[in-house]
Ligand code: NAD
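In our numbering, the protein residues as written are 610 to 1108.
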């Protein structure tokens, strides 16, 4: 059967999901549902249980039991790796289905969603190896009577709070690494994009993950999310979302001093020197702001370009953006889909109005696009942006690019660092000295040279400054979910204390 052709129609009725605790799907029943309308078509597509704090408690208790009895945390890493590898195979088999629900709830192009699910399978494969590679350290230099060993132990029960922009990718940049470390999980997806987090529960169960090791509680941030960050029986929370909510997580975590991983916002610079391959750079800069409708924490939303080429370069980027195909997310040709939420749509249009009001020069875009249904915004480029304007300082989380010219490398670095964020940055130049100097001096957790938004399972992700704490993915991403224990071992008898 041609799986792709069969899935490109809208569902006739919204699909109802249950939530997932201790290996069982639990229907919404009296809790009621959130109904999700597809942002690209404005039709109902999914219905999710409105879980309560009691549901969260039940899920945390299941995750705690599963952690403490060692069904996952104490088995040989090779057995954990087997489960993760099987999960990768199942993800590859179910790619089309997962991509379809991701596209319906999020509004991203189906071609992109398919590629993301493929990338997620790669995360599971990498984490399977990392589970086996994880190790401690030994000190054989402590003298005749002492041997020291440093071990890594799983941190325990992990709460996972994820946003709506990459519901499945962000989940899979965390889940396989957390499982590789031997922890158990309670996940709370965004209330508007929960489907694929629940589909992962089916995948992991089929792969042989024991019951209770991956639980999903759907619900709002203010109830389930807040309760998760406050929960006394959760050892660590990995939160991905806005800096404002991240700040609340820090306050809530103080109750039991749980460890926090925070992946927050960004206002990421794209620094373009006159000596760059400008055609390549223009394409990269357009991709950096157009991809996922600019709704990426790492979107390159500030174009810091050498003044001698600024006007020409701006026109090149505008031409690329005008050519990118915006439209129905289910159309395989679409490159830029819908804006995920109505609130976000309003926020982006508000920033565009603000940019015009503050005197920035509109080069292209600047308006909503009418396809008869759904919410779409044309990729927008503003010239003559100054460092004090809101569009230069605040995370817009939409397809809006602010152009800021520079004269010297020092000035480019200063503009790039003139932000409370430090998530990601790119430099475009053929001069190796400039590339290295800028990459050393710009304060960001991810840095790209002559490319942007590149990534994979091996390289860690995370931010400097107000973009967050800790790292996800890579071997670093497994280590984050471990505790370090020092073991001192006496050889022979101790020196007596009392003679
Ligand atoms: P958000 O902060 O509104 O929500 C994120 C998650 O937190 C959701 O699941 C939400 O239900 C939950 N939440 C809301 N209030 C909560 C509370 N009081 N306590 C606990 N949880 C709560 O963010 P969003 O609008 O879903 O996503 C957009 C933001 O996420 C942007 O700022 C973006 O930069 C950021 N983001 C960062 C990264 C990264 O890796 N750094 C990745 C993606 C998105």
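Ideal placement from N, C-alpha and C gives every residue a C-beta, glycine not left out.
All of these numbers come straight from a predicted model, not from anything done at the bench.
Asked	Found
For residue 884, the three-state DSSP class (helix, strand or coil)	coil
Assumed close pair residue 881, residue 927 - CB separation to whole angstroms, cut-off 8 Å	Residue 881 to residue 927, Cβ: 14 Å. No contact.
Where residue 879 sits in the DSSP three-state scheme	strand
Entirely enclosed alpha helix (DSSP H) segments - the stretch 693 to 750, minimum 4 residues	704 to 715 and 719 to 742
Paired residues, beta bridge with residue 1081 - DSSP	1070
Which of helix, strand or coil DSSP assigns to residue 646	strand
Per-residue burial, residue 957 [other beta carbons within 10 Å of its own, 16 or more giving buried]	buried
Contact belief for residue 1089 with residue 735 at Cβ below 8 Å, rounded distance in angstroms	Wrong, their Cβ atoms sit about 15 Å apart, outside the cutoff.
Sequence-distant residues of the same chain with beta carbon closer than 6 Å to residue 615, five excluded per side	Its pLDDT being 45, under 50, residue 615 is placed unreliably in this model, and the coordinates cannot settle the point.
Which listed residue (1016, 867 and 836) has its alpha carbon closest to that of residue 913	1016
Residues near residue 862 in its chain [Cβ-Cβ closer than 7 Å; skip 5 each side]	838, 846 and 869
Residues near residue 612 in its chain [Cβ-Cβ closer than 7 Å; skip 5 each side]	In this prediction, residue 612 scores a pLDDT of 49, lower than 50, which makes its location untrustworthy; the coordinate-derived value is nonetheless stated afterwards. For residue 612, where only same-chain residues beyond five positions count, the Cβ hits under 7 Å are 705.
Residue 1079 CB to nearest heavy atom of the ligand NAD below 7 Å	no
Option nearest residue 1110 by Cα separation, candidates 780, 823, 771 and 815	Past the boundaries of the shown model lies residue 1110; the chain is included only from 610 to 1108, so the question cannot be answered.
Which of helix, strand or coil DSSP assigns to residue 938	coil
Cβ separation of residue 886 and residue 662, assumed to be a contact under 8 Å, to the nearest whole Å	Not confirmed; about 55 Å, so no contact.
Inter-stretch contact (C-beta, 8 Å, three-pair minimum) for the stretch 786 to 797 and the stretch 810 to 823	yes
Three-state class that DSSP yields for residue 1008 in the structure shown	coil
Entirely enclosed alpha helix (DSSP H) segments - the stretch 953 to 1036, minimum 4 residues	999 to 1002 and 1018 to 1026
Residue 878 beta carbon less than 8 Å from that of residue 916	no
Cβ neighbours of residue 726 in the same chain (closer than 7 Å, five flanking residues each side left out)	700, 704, 707, 708 and 777
Same chain, Cβ closer than 6 Å to residue 827, neighbours up to 5 away in sequence not counted	628, 657, 658, 660 and 803
Cβ pair count under 8 Å reaching 3, the stretch 894 to 902 against the stretch 1070 to 1084	no
Run of the beta strand (DSSP E) containing residue 780, from where it starts to where it stops	It is not in any beta strand (DSSP E) - residue 780 instead sits in the alpha helix (DSSP H) that spans 776 to 781.
Three-pair Cβ contact test at 8 Å for the stretch 983 to 992 versus the stretch 931 to 945	yes
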